[in-house]
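The next block holds one structure in the form of structure tokens; read it before the comments.
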Amino acid sequence: MKIVNVVGARPNFMKIAPLYGSYKLHDDIEPVLVHTGQHYDEKMSELFFRQLEIPEPDVNLEVGSASHAVQTAEIMKRFEPVLIEHRPDAVLVVGDVNSTISCGLVAVKLGIKLVHIEAGLRSYDRSMPEEINRVLTDSISDLLFCTEQSGVDNLIREGISKDKVFLVGNVMIDALVRNREKAEKSTVLDKLGLDPQGYAALTLHRPSNVDDAAVLSNIIDAIEVIQKHMPVVFPIHPRTRKHLDSTPLGQRIEGMKRILLTEPLSYLDFSKLMSSAKLVLTDSGGIQEETTFLRIPCLTLRENTERPVTVELGTNQVVGVTTERILEAFEDVMNAGNVECETPPLWDGHASERIAKILLDKI
Ligand code: UD1
Numbered sequence: 039m040k041i042v043n044v045v046g047a048r049p050n051f052m053k054i055a056p057l058y059g060s061y062k063l064h065d066d067i068e069p070v071l072v073h074t075g076q077h078y079d080e081k082m083s084e085l086f087f088r089q090l091e092i093p094e095p096d097v098n099l100e101v102g103s104a105s106h107a108v109q110t111a112e113i114m115k116r117f118e119p120v121l122i123e124h125r126p127d128a129v130l131v132v133g134d135v136n137s138t139i140s141c142g143l144v145a146v147k148l149g150i151k152l153v154h155i156e157a158g159l160r161s162y163d164r165s166m167p168e169e170i171n172r173v174l175t176d177s178i179s180d181l182l183f184c185t186e187q188s189g190v191d192n193l194i195r196e197g198i199s200k201d202k203v204f205l206v207g208n209v210m211i212d213a214l215v216r217n218r219e220k221a222e223k224s225t226v227l228d229k230l231g232l233d234p235q236g237y238a239a240l241t242l243h244r245p246s247n248v249d250d251a252a253v254l255s256n257i258i259d260a261i262e263v264i265q266k267h268m269p270v271v272f273p274i275h276p277r278t279r280k281h282l283d284s285t286p287l288g289q290r291i292e293g294m295k296r297i298l299l300t301e302p303l304s305y306l307d308f309s310k311l312m313s314s315a316k317l318v319l320t321d322s323g324g325i326q327e328e329t330t331f332l333r334i335p336c337l338t339l340r341e342n343t344e345r346p347v348t349v350e351l352g353t354n355q356v357v358g359v360t361t362e363r364i365l366e367a368f369e370d371v372m373n374a375g376n377v378e379c380e381t382p383p384l385w386d387g388h389a390s391e392r393i394a395k396i397l398l399d400k401i
């Protein structure tokens with residue numbers, strides 16, 4: 039079975055790595071790796087390939103950054119000849135980035151089966167570019183692999199046939215489990231002068247938070263208070279860097295004594311940073327899941343989540359983006375005792391093996 043696997047942006051790499059590991063257990067799977075080049079900085083891409091031991095991509099489409107329409111169209115134009123050349127039995131896409139929908143659309147138009155990993159998640163917020171990518175990709179996929187029961191329920195509600203949908207667990211948690219020992223050895227805390235459980239970690243990159251100066255300013259007001267209680271480590275995504283640099287907010291944040299601004303961190307350093315933090319504040323999707331698995335309190339700086347299991351069973355609180363609500367939730371975490379949390383069903387480090395078996399059976 040020849041399967042073309044697509045990666046494009048940073049959150050894709052830790053999902054494809056464990057799948058590649060499980061393909062190795064089956065001689066009859068021939069994987070081809072295509073990198074669209076949506077993310078291209080060393081720290082957003084290559085570093086992840088090295089640390090996660092992902093093989094060099096067979097093809098790099100080198101699309102780079104552009105508007106949504108141009109990026110999506112460019113990926114499609116460059117991906118089509120790759121599929122015509124390789125004629126795979128299936129194309130596998132992960133997550134919800136522009137590369138996911140672009141390559142999915144090319145595959146189905148050529149009559150090639152489409153497999154979507156992390157299917158069915160819904161924020162029900164159509165202003166998020168990722169929500170559009172999720173809904174569209176799921177609607178054209180032939181096999182849909184879900185991380186949590188809500189994903190299965192959403193797909194069935196949308197009329198997708200039950201026999202295409204599989205609850206298999208979470209490949210991103212597979213990556214976390216497989217790299218736990220290596221991450222433990224990371225020296226990131228020493229380098230930043232941090233004590234375990236003595237700091238907060240912050241990540242921000244959603245357009246709705248970082249492209250809107252009023253929202254970003256509210257979040258930064260809250261962070262200004264939090265850093266008076268404990269150091270706040272803030273690895274800055276390129277998108278966020280651009281917006282901080284173009285407004286007075288950048289200077290303001292640089293003036294705060296206990297904010298540690300860093301470049302985007304490597305996978306292993308960030309895993310270590312999360313697992314030793316007192317709490318994490320984020321607008322990322324994946325980090326809500328990783329902190330749930332690691333039992334680290336997570337404040338999600340958004341109005342919704344497409345990953346409700348992290349709130350129902352896990353450590354996640356969706357707190358929104360007003361200064362008051364962020365600070366209230368921060369105080370609650372500081373006053374709380376032990377973290378009460380369950381690991382969601384099937385988040386056991388073996389999702390990718392389940393997926394490989396189902397692929398061999400169904401395709
Ligand atoms: C993309 C995904 C988002 C995901 C995020 C993770 C879409 C619609 N969005 O958002 O779902 O959560 O990746 O990081 O697919 N840039 C660089 N270097 C890079 C990549 C980007 O400097 O390697 C800068 C460019 O200025 C670019 C901006 O970041 O314009 C945004 O990049 P883009 O890929 O368009 O979206 P992200 O915000 O990274």
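Here this note's numbering is used: the first residue of the sequence shown is 39, the next is one more, and so on.
Each residue gets a CB set at the ideal place from its N, CA and C atoms; glycine is no exception.
The structure displayed is predicted, hence computed values, not measured ones.
*Say whether the segment 351 to 360 touches the segment 370 to 387, bearing in mind that this needs 3 or more beta-carbon pairs closer than 8 Å, one atom from each stretch.*
yes
*Distance CB(S161)-CB(T343) smaller than 8 Å*: By one-based count along the sequence shown, residue 161 stands at place 123. By one-based count along the sequence shown, residue 343 stands at place 305. Yes. Within cutoff.
*To which residues does DSSP link N405 through a beta bridge?*
Because the chain is modelled from 39 through 401, residue 405 falls outside the range shown and cannot be assessed.
*8 Å Cβ cutoff met for S137 and I113*: In the sequence shown, the residue the question calls residue 137 occupies position 99. In the sequence shown, the residue the question calls residue 113 occupies position 75. Cβ distance < 8 Å, so S137 and I113 count as in contact.
*Which of the three DSSP states, helix, strand or coil, is assigned to K295?*
Numbered from its first residue, the sequence shown carries residue 295 at position 257. The answer is coil: DSSP assigns K295 none of H, G, I, E or B.
*How is the beta strand (DSSP E) around I402 delimited, first residue to last?*
Residue 402 is absent from the model: the chain starts at 39 and stops at 401.
*asked:* Once the 5 residues before and after V120 are set aside, which same chain residues still bring their CB inside 7 Å of it?
replied: As a working mapping, residue 120 is identified with position 82 in the sequence shown. V72 and V97, listed in sequence order.
*Would you call the CB atoms of R345 and V206 closer than 8 Å?*
In the sequence shown, residue 345 corresponds to position 307, counting from 1. In the sequence shown, residue 206 corresponds to position 168, counting from 1. No, these two residues do not count as a Cβ contact at 8 Å.
_Does Q355 come out as helix, strand or coil in the three-state DSSP assignment?_
Along the sequence shown, read from residue 1 onward, the residue named residue 355 stands at position 317. Looking at Q355 - three-state DSSP - the assignment turns out to be strand.
*For the beta strand (DSSP E) holding A239, just list the boundary residues, first then last.*
Your numbering for residue 239 matches position 201 in the sequence shown. Residues A238 to T241.
_Please classify E369 as buried or exposed, where buried requires at least 16 other C-beta atoms within 10 Å of its C-beta._
Residue 369 sits at position 331 when you count from the first residue of the sequence shown. Exposed.
*If we ignore side chains and look at the alpha-carbon of each, how far apart do A374 and R216 end up?*
Here residue 374 is taken as the residue at index 336 of the sequence shown, counted from 1. Here residue 216 is taken as the residue at index 178 of the sequence shown, counted from 1. Going by the C-alpha atoms only, they are around 30 Å apart.
*Hey, quick one: how far does the beta strand (DSSP E) through L90 stretch, first residue to last?*
Translated into the one-based positions of the sequence shown, residue 90 becomes position 52. Element bounds for L90: n/a, residue is neither H nor E.
*Confirm, please, whether the CB-CB distance from V271 to Y305 is below 8 Å.*
Taking the sequence shown and counting its residues from 1, one reaches residue 305 at position 267. Taking the sequence shown and counting its residues from 1, one reaches residue 271 at position 233. For Y305 and V271, no; Cβs fall outside 8 Å.
_Length-filtered (4 minimum) alpha helix (DSSP H) runs lying within the segment 182 to 222_ = 187 to 195, 209 to 216 and 218 to 222
*Residues that N98 bridges to, as DSSP identifies them*: Taking the sequence shown and counting its residues from 1, the one referred to as residue 98 is at position 60. Answer by DSSP bridge pairing, in chain order: H73.
*May I ask you to check if the CB of N376 is nearer than 7 Å to at least one heavy atom of the ligand UD1?*
Position 338 of the sequence shown, counted from the start, is the residue given in the question as residue 376. Every heavy atom of the ligand UD1 is 7 Å or more from the Cβ of N376, so no.
*Just to confirm, does S103 get its C-beta within under 7 Å of one of the non-hydrogen atoms of the ligand UD1?*
Reading the sequence shown from its first residue, position 65 is the one you call residue 103. Flag set: Cβ of S103 near the ligand UD1.
*Opposite F272 in the DSSP bridges: which residues?*
Here the question's residue 272 lines up with position 234 in the sequence shown. Paired residues: L299.
*To the nearest angstrom, report how far apart A145 and L152 are at their CA atoms.*
Within the sequence shown, numbered from 1, the residue matching residue 145 stands at position 107. Within the sequence shown, numbered from 1, the residue matching residue 152 stands at position 114. Using only the alpha carbons, I get a separation of about 7 Å.
*asked:* Spatial neighbours of G230 within its chain, please: C-beta separation below 7 Å, excluding the five flanking residues on both sides.
replied: Position 192 of the sequence shown, counted from the start, is the residue given in the question as residue 230. Looking at the sequence itself, residue 230 is Leu, so the reference to Gly does not match. The answer, listed in chain order, is V271 and L298.
*Sufficient close CB pairs (3 or more, under 8 Å) joining the segment 354 to 369 to the segment 255 to 272*: yes
*Could you check how far apart the C-beta atoms of F308 and P276 are, in whole angstroms? I think they sit under 8 Å.*
Here residue 308 refers to the residue found at position 270 of the sequence shown. Here residue 276 refers to the residue found at position 238 of the sequence shown. With 8 Å as the limit, F308 and P276 do not qualify as a contact, their Cβ atoms being about 15 Å apart.
*Rounded to the nearest angstrom, how far is the Cβ of R340 from that of V356, given a contact under 8 Å?*
Residue numbering aside, residue 340 sits at position 302 when the sequence shown is read from its first letter. Residue numbering aside, residue 356 sits at position 318 when the sequence shown is read from its first letter. 6 Å between Cβ atoms; contact.
_Nearer than 7 Å: is that true of the beta carbon of A47 relative to any heavy atom of the ligand UD1?_
Here residue 47 refers to the residue found at position 9 when the sequence shown is read from its first residue. Answer for A47: yes, Cβ within range of the ligand UD1.
*Per DSSP, V318 forms a beta bridge with which residues?*
To locate residue 318, count along the sequence shown from 1; it is residue 280. Answer is A239 and C336.
*List the endpoints of the continuous alpha helix (DSSP H) containing G142.*
One-based indexing of the sequence shown puts residue 142 at position 104. Segment N136 to K147, the alpha helix (DSSP H) holding G142.
_Cutoff 6 Å; reference G59; Cβ partners in own chain excluding five residues on either side_ = On the sequence shown, position 21 is the one that residue 59 refers to. None.
_Can you determine whether any heavy atom of the ligand FMN sits closer than 7 Å to the C-beta of K280, and answer yes or no?_
Ligands present in the displayed structure are limited to the ligand UD1, and the ligand FMN is not among them.
*Could you round the C-beta distance between P69 and N43 to whole angstroms and report it? I think they count as a contact, below 8 Å.*
Taking the sequence shown and counting its residues from 1, the one referred to as residue 69 is at position 31. Taking the sequence shown and counting its residues from 1, the one referred to as residue 43 is at position 5. With a Cβ gap of about 6 Å, P69 and N43 count as contacting.
*Report the rounded CA-to-CA distance for D201 versus T175, giving the unit in angstroms.*
Walking along the sequence shown from the start, residue 201 turns up at place 163. Walking along the sequence shown from the start, residue 175 turns up at place 137. Computed Cα separation, rounded: 17 Å.
_Tell me which residue opens and which closes the alpha helix (DSSP H) that M82 is part of._
Along the sequence shown, read from residue 1 onward, the residue named residue 82 stands at position 44. Run containing M82: none; DSSP gives neither H nor E here.
*In whole angstroms, what is the alpha-carbon distance linking E301 and E292?*
Mapped onto the sequence shown, residue 301 falls at position 263. Mapped onto the sequence shown, residue 292 falls at position 254. Answer to the nearest angstrom: the Cα atoms are 14 Å apart.
*To the nearest angstrom, how far is it from the Cα of M294 to the Cα of V347?*
Here the question's residue 294 lines up with position 256 in the sequence shown. Here the question's residue 347 lines up with position 309 in the sequence shown. Answer to the nearest angstrom: the Cα atoms are 35 Å apart.
*Would you say M52 touches the ligand UD1, meaning its beta carbon is less than 7 Å from a heavy atom?*
Start at 1 with the first residue of the sequence shown, and residue 52 comes out as number 14. Flag unset: Cβ of M52 not near the ligand UD1.
_DSSP state of D228 mapped onto helix, strand, coil_ = As a first step, residue 228 is located in the sequence shown; it is residue number 190 there, counting from the start. Note: D228 maps to helix in three-state DSSP.
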